[in-house]
Amino acid sequence: MSERESFKITISEGCGEIVEKKSRFIANVFPVETQQQAEEKIAEISKKYWDARHNCYAYVIGVNGENTKCSDNGEPSGTAGKPILEVINGAGLTNTLVIVTRYFGGVLLGTGGLVRAYTQSAQAGIANCQVGEKVLSQKLTLKVGYNMINNVQYYLSQNEISIADSRYEADVQFDICVRDADRQRICDGLVQKCEGQIEIVEGDKGYYIL
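Residues in the sequence shown are numbered consecutively from 156, following the working numbering.
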């Protein structure tokens with residue numbers, strides 16, 4: 156499987172709530188990196204809302220969403236966990252857990268009503284989260300003489316690349332992170348801008364928020 160260029164994640168927790176025919180649906184959304192983190196959050200929420208009728212959930216984890224799970228937690232099959240999962244997938248998110256807690260209001264909603272309620276509450280929770288994008292990127296260290304500082308800084312500014320760290324020693328070193336797809340173009344541009352008076356050292360390659 157080829158590497159994905161980018162994927163969307165939640166980078167903050169969020170909470171949303173709706174009321175449907177006196178039943179309360181409280182959606183809690185969490186960024187998660189592993190299945191263990193997800194299961195710990197599910198246990199935490201189940202303990203917090205111990206008196207609720209249901210704590211239904213879904214999560215998607217992994218660059219390609221390879222770790223996926225959902226639970227109806229006692230609701231009729233397919234009326235809670237699957238709709239929550241479809242909201243996560245519909246938003247294009249991974250590394251995301253959504254738990255919807257239901258306090259029963261005494262009125263039956265029917266399967267269609269439950270699907271709508273769990274869908275809407277999950278959407279409300281995600282709407283209150285901060286969403287970010289992780290991009291397949293290459294870390295680079297740029298080593299130049301002091302006479303090339305302005306050239307490097309100008310080129311990076313023109314290409315909207317932030318300097319993560321800088322060190323002023325015998326030479327000057329700038330740490331940057333660029334999209335893997337742009338790596339060769341950026342390196343070639345820096346060499347040209349510095350008239351060949353630059354050393355570019357490749358660091359870790361991975362998914363980073365730029």
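Even for Gly, the Cβ is constructed at its ideal location relative to N, Cα and C.
*How would you call F329, buried or exposed, if buried means at least 16 neighbouring beta carbons within 10 angstroms?*
Taking the sequence shown and counting its residues from 1, one reaches residue 329 at position 174. F329 is buried by the Cβ-count criterion.
*Secondary structure at T189, three-state DSSP: helix, strand or coil?*
The residue given as residue 189 occupies position 34 in the sequence shown. DSSP places T189 in coil when its eight states are reduced to three.
_Can you list, in chain order, the residues of its chain with a C-beta nearer than 8 Å to that of A279? Leave out the 5 residues immediately preceding and following it._
Stepping through the sequence shown from its first residue, residue 279 is reached at position 124. Cβ neighbours of A279 beyond the five flanking positions: G171, E172, I173 and A182.
*Out of G300, K237 and R322, state which residue places its alpha-carbon closest to the alpha-carbon of V346.*
Walking along the sequence shown from the start, residue 346 turns up at place 191. Among G300, K237 and R322, the Cα nearest to that of V346 is on G300.
*Count the other CB atoms, across all protein chains shown, that sit within 10 Å of the CB of A272; report buried if there are 16 or more and exposed otherwise.*
By 1-based counting over the sequence shown, the position of residue 272 is 117. The residue is buried, with at least 16 neighbouring Cβ atoms inside 10 Å.
_For G280: DSSP bridge partner residues_ = Walking along the sequence shown from the start, residue 280 turns up at place 125. BP columns for G280 are empty, so no partner.
*asked:* Looking at the strands, I want to know which residues DSSP matches up with Y323.
replied: Indexing the sequence shown from 1 puts residue 323 at position 168. Looking at the DSSP output, Y323 sits in a beta bridge with V327.
*If we ignore side chains and look at the alpha-carbon of each, how far apart do S167 and L263 end up?*
Start at 1 with the first residue of the sequence shown, and residue 167 comes out as number 12. Start at 1 with the first residue of the sequence shown, and residue 263 comes out as number 108. For S167 and L263, the distance between alpha carbons rounds to 33 Å.
_Here's the rule I'm using: 16 or more other beta-carbon atoms within 10 Å means buried, otherwise exposed. How should A198 be labelled?_
In the sequence shown, residue 198 corresponds to position 43, counting from 1. By the neighbour-count rule (16 or more Cβ atoms within 10 Å), A198 is not buried but exposed.
*Close-in-space but distant-in-sequence residues of the same chain around Y204 (CB under 7 Å, 5 per side omitted)*: On the sequence shown, position 49 is the one that residue 204 refers to. If we look at Y204 and ignore the five residues flanking it on each side, its Cβ neighbours are N210 and T256.
_Strand pairing of Q352, partner residues [DSSP]_ = Residue numbering aside, residue 352 sits at position 197 when the sequence shown is read from its first letter. In DSSP, Q352 forms no bridge with anything.
*Considering L291, what are the terminal residues of the alpha helix (DSSP H) in which it resides?*
The residue you call residue 291 lines up with position 136 of the sequence shown. Where L291 is concerned, there is no enclosing alpha helix (DSSP H), although the beta strand (DSSP E) it sits in stretches over V286 to V299.
_Length of the line joining the Cα atoms of E324 and V307_ = As a working mapping, residue 324 is identified with position 169 in the sequence shown. As a working mapping, residue 307 is identified with position 152 in the sequence shown. Cα to Cα, E324 sits roughly 16 Å from V307.
*Mind checking G169: buried by the 16 CB within 10 Å criterion, or exposed?*
Numbered from its first residue, the sequence shown carries residue 169 at position 14. Classification of G169: buried, given that the 10 Å Cβ count is 16 or more.
_beta strand (DSSP E) runs wholly inside the segment 170-246, at least 3 long, in chain order_ = 178-186, 209-216 and 222-226
_To the nearest angstrom, how far is the alpha carbon of F259 from that of P238?_
As a first step, residue 259 must be located in the sequence shown, where it is residue number 104. As a first step, residue 238 must be located in the sequence shown, where it is residue number 83. Roughly 18 Å separates the two Cα atoms.
*asked:* Using 9 Å as the threshold, is the C-beta distance between K224 and Q192 below it?
replied: Looking up residue 224 in the sequence shown gives position 69. Looking up residue 192 in the sequence shown gives position 37. Between K224 and Q192, the C-beta gap is not smaller than 9 Å, which leaves the two residues out of contact.
*Determine, using beta carbons only, whether Q352 comes closer than 9 Å to chain D.*
The chain inventory of the structure shown lacks chain D, comprising one protein chain alone.
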